[in-house]
Structure formats: C-alpha cells, structure tokens
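Some notes on the structure that comes next.
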C-alpha cells in the first residue's frame, strides 16, 4: 500500500460504500434485537407507554405480544420492516398504531431545520473565535500565539444549561422570543443559539489553531509582498485549513439532529432526538428503527457531501499528491498563558482541597438552597448539601472518568482513522448516533453499572477523532515531502513516526481537550438508564443535571459546577499549550 | 460573483424548506388568547394513541370536556348523572340506566344503541382497558333511552366505573374496523376536537349542541409540553393561560395569584420487599418505618407542596380521615445495634424512579435516615420502564414510589387488591398476609358505600400493620392559571380541568 498513492477511484469508492452499508446494517440489526438483548419484555414497555395505569397481567401482556407478533423473534420482524421500506412503508408504531413514516418524516424535518439554524450560529461563533488570527495573519502581524481560553470557555458551556438560561432570560423575562414551542422562525433563535455556541467555539478553536500554519506558508508571504489585499490572503488561508476541519461538522453539528434531546425537551421541540429516545424507552421498534435508519442515511449523505466539499476545496493538489504540508510556525506563547494556567490550577486545587475537608453527602433539609455564605462558600443544593464539598469530592472522579473516556476514544479514533477506507463508513454512522441509544443497548447487556456509561460513550465517542485523523492524514499523504521521503527509502514505520503522527497529534489533542467537558455531560446524561455512578455520589455532570430545575430559583447551584467545568477545560487547553511550548 | 449567486440559490432553496417545517403547531401557539377568548392550555402528557380512550389519553378527553360517560364523579367521589339521567340496581348483577337527550358532535343522536356500541367496543378492546379488567359487562338497549347493564359477577361500584374516561360514549363513527378509536368530532361534551397535530397540539371549538348549555369559552388551543420547567415558562411568558402540573421546583417562581394548589390522589411511600432479603424480618421493617419520616420531606423535597402521610389515603380521599382505623399489633422496631447485627452489613438496595423529579431527592434523604438506623444503603435511580421488570421480580429491598390511590374505577379496592393481595399483579412489596387478603376481599364484596369505605380503611390498617409499605407524603398538585382565567376545575382525581364555565375574563 503505497502511502502517496493516488486513490484509484473505483475500488476505493466501492470499499467505502461497502463499509457504510455494513456499519448501517450492523447498527440496524442491533436496534432490531434491542428487546431481546435488553431482556426487558417489549410487551410490558409498550403496554406501559400506552397506559400508565394498566396492570401488567399475564393475560394483558399476552394480548400485546400477539398484537405485535413478538413471538416470531427479532429477525422476522426486521425482514417485514425492511420489506415495506421500498414501498415507503415503515410499518406502524407499536405504541400508537399510527404509520411510522409521517411521524419520523416530520420529526426529521424539524430536527434538520433546527440543525441548519445551529449551523449558522456555529459558523458565526467559529468566525468570531478565529477573527483575530485571520485579521492579524492576513496582515502578517501574527507573532504571538493565542491561549485559546475563549474557545475553551464557550465550548465548555453545557448546552442544556445555556438552553435553560436563554429560555428564562430571553423567553420569560424579556419576552423577546417564545420560551418554547416550534411555531415559526422566531422559535428557532434560542435553541439554535444554545446548540450553536458551544459547537461554534469548538470548531473555531480547532480552526484557530490550524490557521497560523497556513499564513506561514510561502504563498502567503508572496501574496503579501505582491500587495494582494488581506481579504484575499485570508480567503486562501481558510481554503487551506477548512478541509482539515470540515469532517468535524459531522459529529459536532449534524449529530445534533438526533443528539439534541435535552435542548429539544427544554424548548419543547418535536424533533427526532426526542422521538428516538421515547421509542427506545418504550421499545417501539418500528419507530426506533426508522429513526435510526434516518440518522444513518443522514450521517452517510452528510459524510459524502463533506468529502465532496473537501475535495472541491483542495482540488487537484490532493489528487496529484502535490499538497504542501501545513506546519505551525514557532509563535511566541502569550505571557498571559502562564498566568491563566496557574490561576486555573490554583482555583481547582483550592476547590478540591477545601471540598475534600467537607462532607458531600450530609443532607440537611433545614439548610435547603442556601445562598453562598461563610458557612457554605458555594451555597447548598435542594437537599441542603454543601456544594463546595460535592464539587471537591466529585472533581477527581469526574475528571478521571472523562479523561479516560476521552483518551480511549481518541486513541481508537486515531487507529481507525489511519485506515480511512475501512473506517469511513462506521465513522459516519457512529457520528450521528446519539449516545443514549448505545447507552440503552449497553444497559440492556450489562444492567445498571458504573462503567456502562463510559463504555457507551466510548462506543460512539471515537468518531470525531477518526474523522479528523483521516482528513489530516489524507492531506499529509498528499504532500510533497512524503513523496520525497518515500523516494529516499523511508519505511512505513518511519513515515508514521516522523511525518504522519506529528502532523495529526497536536490537532487531535486540541480536539480531545475541547471535547472533555462534553464527555462529562454526556456521561451524566445516561444516568436515567442506571449507567454511571449512582446518586448520591457527587459527580459534576450529575450536579449540573440534578440542579438544573433550580437554575433560576438558586443560580449558584448550577453556576458552581458550570464554572468548575469551564476552569477544568481552560486548564486542560492552556496547560497542553504550555506543555507543548516547553516540549519544543 | 459566483459566490453571490451560489448563496442566493442556497437561500432560495432553503426558504420553502423552512416554511414547511413549522406547519405543525402553528395555530396552537399563534391564534390563541387575546380578544378571541380562546383558552391556551399547556398540558403535561402528550397523547400516545391519538387520544384513544383506551389508552393513557383518556383523561385528556375528560379534562377538556370532550367526551362523557354515563356517570361522572362528584367532589366526594360518588357517582352523579352525566349522560345517564338516573339509574337503579335491579339485582346483584343487573342495572338499568335512563339516558338523557343528547347529540354527538358529528350531528348524530345519542341513543341507547350508542351506549351499547361504545361499551361493546370497550369490552372487546385489546388489551382491555384497566377499568374493565376485573369485570365482564354486557349492555342491552331496552328502548331508545333505556339501557340495561349486566355484570357476570356482582359489581357494587359499577356506577363509579362508568365514570371512567375510558368508558366515554362516542358516536358510531369513532370506532374504526381495525380497533382504533378516534374522539375527533365524535364526543358529546361541550368542546369538540377539530384538529389533532401529532403529539404537539390540538385545537378544540365550542360544541353548540351540548345538552348542558353553551360553554363560555369559544375554543381551546392545547399544546403538550412534557418538560415541567418549559410548562411553567409558557405560563410565565404569557404563552399559555393554563399550565397543568407545575413541578415543585418551579412553583415558587410563579406569581402567587397564578399558583393554585390541589391535594392529589397520589401518595408517595417507601415500599419494602417482604418476600426476599433484609425486609423479610418484620423487626427490621419496623425499624425502617421508625427511621423515615414524611414530615421532613414535605418542607424540603416537596417545597411545602405535600402533606405528611396519614396512611395510604390522603386528604384527596374525603372520607378517609374520618373512617381511619389506627394500625395495631405492629412488630417492635429493632434497635440500631440489632439492625447492624441482623443485617450483618448486607447492603440494602433502595430503588427510586426518575419520572417524578422529587422521588430521587426523597430517596437520598431516606438513604441517610436509614443509614442512621443502622442499615447500609445503596441507591439505584433509573427511569421507570428501565426498572419495572426488576421491581416486579423483587430484585430490590425497598422502593420509593408514587402511586395513585384511586385508579380509574374511582374505587380504592382496585388499588389495594393489585398492590397488596397475595396474588396482586402489582404487588411490589411481595406481601403475602392472610389477614390483609381477607380484609381486602371483605371490602371488595361490600356494596353499601359507607360500609365499603369503612372496610377499605380496615384493610388499610391491616396493610400498615405489616409495615410492607411506609406512607411518606400525600402529594399536592400545583396548577398554573393566569389571573385573567376564571372557572378552572381543580380536581384531585386529575380528570377535570376545563368545563362549561371556564373562560377568560
């Protein structure tokens, strides 16, 4: 397998298609077998979803089972469902008895619209985050590196908390927009902001890190010397860096179609995420399968679109293996970097030490929702537990598990991304798959377990890293110096160690660190399945979600945990930048 | 130039897409309020079966006064006339109902034949509605406005049963061949559903042909908002006139004059597994009972929106307090040291469900109380459907649970029988106690209402004696009602909400 080989079109595309079909089929088969994997009787969950009062007597369950044809097993049902699809018939919902196709169609169109709104906000926020670098870089005034603090802070904001705050402040207090519902373009604004701001910061942060390399390339110097306008240089620099970042849109923005359940709930949006979750909990297979299929198709078509866009942007050089490699110039780290890192480290250390000296489990119903005071520096929660203690005791566990999950996901992603032909399909499929769905499958197999949540997140969490690795490697392999190394007789291991990995790792690391807070929140979002640490164990994600209803009544209950998460994220990002600089 | 045109094309292509995507819910959110006088209602539980009366959705039909049964329940929980003018019991198993003159919303006439048709469909529904699960009902039309109902075995609470929203009488058009039932335009109530938009909203207009007169509100616009905070926000932001079920965490944020509190039929209790594990020992059960105390949950977890439990039945059951029999002969509670030595450090698995936000919090408080009494406790908090199988299989030692004490029969015996008799289908406590079984059977057989209630309370005391269940609090429901709305029905049974008199000032 020649490294600098031109991707010969036919077999490559054939293998890609096979990978996609295989991944999609595997996922659909797993979903079809959900009730049999989970061991919880679908007759009972369906009966329960239809009527909360209904007693699950054997006779009633038998009636439901017969109605749904459950005795035939998963495969007959799957075949029947597949058989209907060519006719546009996805069967009827087990719970409501209504045809599935219109339901999923409506939910999908709602979610797609919301996703487009979020995409606009994402683009705006990303543009703002890297505005300074673009401005200075296009004028050749880029001397100092950036700390990346803004991006880290914004990317660490929990979407559901942002949604709560926006709904309360802009919806209820100021009345600018409807606080919930889906009745017109004005109801799109708040949810799009809640979804787009963290995503935009994440993508902007990645782009911001890649841009200096583009501005440092010889063409930029020449263009500047010739006197081309800065706008022109900026456009070309973006054209140079965007392709490496575009695949991130898939797990970050397109994934919101199925993965924005919390925000859909808060704004009461009848989207696909809620539909999929409801049908998964009720084990309403026809709906769940159709929703999953919609997500798979969406992931694959978005993947194809993004691939086409990348190739259009990079054009001939990629095909001809004549792409100059992007390498970061040595920039002076800003002086504030050290200060910010130190301040964050001290703050976290103080939080943990002060917290560890207190009791995180002591319930005091008399001291409920007490505002910050000397006795309770961060206030208390709804059960009168000291928030400082809960944050302090939760710090190690939260950071540890999130770090472990991120490392496993990143390494898996890196390895799979190195075999892009095989992994492109699974990556696209996994990136739009909500973690709740894998959580349900895992919960079915393992039952409630501490590690279940971590496993469920890892199962889907590798896709951003795989997409990133694949994209960067493709560009790197197409660069001239690789061809030169090959010509000089470099072996594959040498290439990997000296050229390919160094090109991928810094960007991958930044990506992983920016996604760290998301991992914390996703882990906590699986709690209702019995996955992860059980309450009352303090854990940051849980602190945020269990105090969310009190966000307005007692803001300190969520501000503390949110601030802690932000500090952790900033520390991770600036710390790694500092370490990187030291290493050079 | 090229970029501009491309952008233009993209924008043009997106516009119809956007326009198309908002269609559902348009009129639910846009049209209401203001001078039209239509009421905007934010409801909590979205329809699961397109408002079929045989599902969860049945209560929506009665809450919005869309459909009616032969009878209805009054404040004290006794049957009062609705579509039936009067009734009498001919013998143990036969009842005669005299019907009133009424009209269905589709213009057809309400007759004895419509009653027979509706009840036959309910009896044949698969699965059978909960309210008919323990009775076999045969309806026969004697003449145009007389119906005889015959039950296989004596059923003293038949008039209560008939008030269930699941037994609402709809016109013949409502019942499709494939077993589906649609209440859209087929009820007899003062409001007629004109449009149902999936699980997001519904529009209702006043039905002018209603036998009881004309409703004051010209129509209702219903939006389903499952999230409690979002419901409270809709009321506070002026997007809804009525928001049901405001969670306790949001109640304090409502203006005091929009906050209306009503005692609910729900009792939250700690259920102990008497069949397996730690709590097979009555002494340990008694120790658990003494360790937990509902009063400190009321002010903390429930923010004052609950009453400390008096027994299984709370203030929403009006006759419960005066007929209550104190539980006697309870086991003596084990001391802390005894608990420690007898459990030998076995971990007690305490389950709680996330479906009601207060329950996990209550479980955390209880955990601490139980640990003080010497138990070692591990919490397991999950969504209800995720743990129902485990619960019924007895895999937990204790469960914090919220239960409606009068099910849709409107009669307490159904709840006691399913939850506490040896062969009860919902016997999570796995209670097998001959005295309890006997007491519940005695109540079930009693046909005189007053004596039936006394026997129910006797059964309650027998159940509490076993300490299989420790009642904690009786919930209260907070309904959010805007200040310019009058005449909203505050119903502890959660069956009524809007009626003829509900209107905007």
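Chains as they are written, first to last, in this note's numbering: chain A, 67 to 650; chain B, 1032 to 1536. Just so you know, even glycine gets a beta-carbon here, dropped at the ideal spot from N, CA and C.
At a cut-off of 9 Å between C-beta atoms, residue 102 of chain A does not count as an interface residue with respect to chain B. Taking all protein chains shown into account, residue 1107 of chain B has fewer than 16 neighbouring C-beta atoms within 10 Å of its C-beta and is therefore exposed.
Relative to residue 619 of chain A, the option among B:1111, B:1209 and B:1281 whose CA is nearest is B:1281. With fewer than 16 other beta carbons inside 10 angstroms of its own, residue 415 of chain A counts as exposed. DSSP places residue 1127 of chain B in the uninterrupted beta strand (DSSP E) bounded by 1125-1130.
Segment contact: the stretch 165-176 of chain A against the stretch 256-269 of chain A, fewer than three CB-CB distances shorter than 8 Å; contact not assigned. Beta-bridge annotation (DSSP): residue 1510 of chain B is paired with B:1291.
Excluding sequence positions up to five before and after residue 279 of chain A, its CB lies within less than 6 Å of the CB of 392, 393 and 394, all in the same chain and listed in chain order. For the stretch 108-128 of chain A, the beta-carbon criterion of a distance under 7 Å to any beta-carbon of chain B is satisfied by 110, 111, 113, 114, 115, 116, 117, 118, 119, 120, 121, 122, 123 and 126.
With a beta-carbon spacing of about 19 Å, residue 628 of chain A and residue 214 of chain A fall beyond the 8 Å limit used to define contacts. Taking 9 Å as the CB threshold, residue 1536 of chain B stays off the interface with chain A. Counting along the chain, the unbroken beta strand (DSSP E) around residue 1276 of chain B starts and ends at 1273-1277. Per DSSP, reduced to three states, the secondary structure at residue 1183 of chain B is coil, with no helix or strand assignment. Interface annotation, residue 275 of chain A: not in contact with chain B, CB-CB separation never under 9 Å. The C-beta of residue 1396 of chain B comes closer than 9 Å to at least one C-beta of chain A.
Residue pairing by DSSP places residue 1389 of chain B opposite no residue, since no beta bridge is assigned to it. Between the stretch 90-103 of chain A and the stretch 325-337 of chain A there are fewer than three inter-stretch CB-CB distances shorter than 8 Å, so the stretches are not counted as touching.
Rounded to the nearest whole angstrom, the CA to CA distance from residue 1292 of chain B to residue 1510 of chain B is 6 Å. Interface annotation for the stretch 442-468 of chain A against chain B: 448, 449 and 450, criterion Cβ-Cβ distance under 8 Å.
Flagged as an interface residue toward chain A: residue 1231 of chain B, by a C-beta distance shorter than 9 Å. Contact residues of the stretch 1299-1328 of chain B toward chain A are 1327 and 1328 (C-beta to C-beta distance below 9 Å). Within the stretch 143-218 of chain A, the alpha helix (DSSP H) runs of at least 4 residues that lie entirely inside it are, in chain order, 166-195 and 197-204. Taken through DSSP and simplified to helix, strand or coil, residue 282 of chain A comes out as coil. Here DSSP, grouped into helix, strand and coil, assigns residue 1413 of chain B to strand. For residue 1074 of chain B, the pairing in a beta bridge is given by DSSP as B:1255. Shown here for residue 1087 of chain B: same chain residues with a beta carbon closer than 7 Å to its own, the five before and five after excluded, namely 1076 and 1079 in chain order.
In the DSSP assignment, residue 452 of chain A forms a beta bridge with A:446. In this structure, residue 457 of chain A lies away from residue 448 of chain A, with their beta-carbon atoms at least 9 Å apart. The beta carbon of residue 575 of chain A sits closer than 7 Å to the beta carbons of 642 from its chain, once the five residues preceding and following it are set aside; these are given in chain order. The way I'd put it, the stretch 130-148 of chain A doesn't touch the stretch 1435-1455 of chain B; fewer than three beta-carbon pairs between them come closer than 8 Å.
Between residue 1512 of chain B and the set B:1506, B:1400 and B:1528, the nearest pair of CA atoms involves B:1528. When DSSP states are grouped into helix, strand and coil, residue 290 of chain A belongs to the helix group. If you draw a straight line from the Cα of residue 550 of chain A to the Cα of residue 527 of chain A, it comes to about 36 Å.
Note on geometry: alpha-carbon atoms of residue 1365 of chain B and residue 1499 of chain B lie some 15 Å from one another. Residue B:1269 holds the alpha-carbon nearest to the alpha-carbon of residue 239 of chain A among B:1337, B:1269, B:1327 and B:1526. The Cβ of residue 595 of chain A sits closer than 9 Å to at least one Cβ of chain B.
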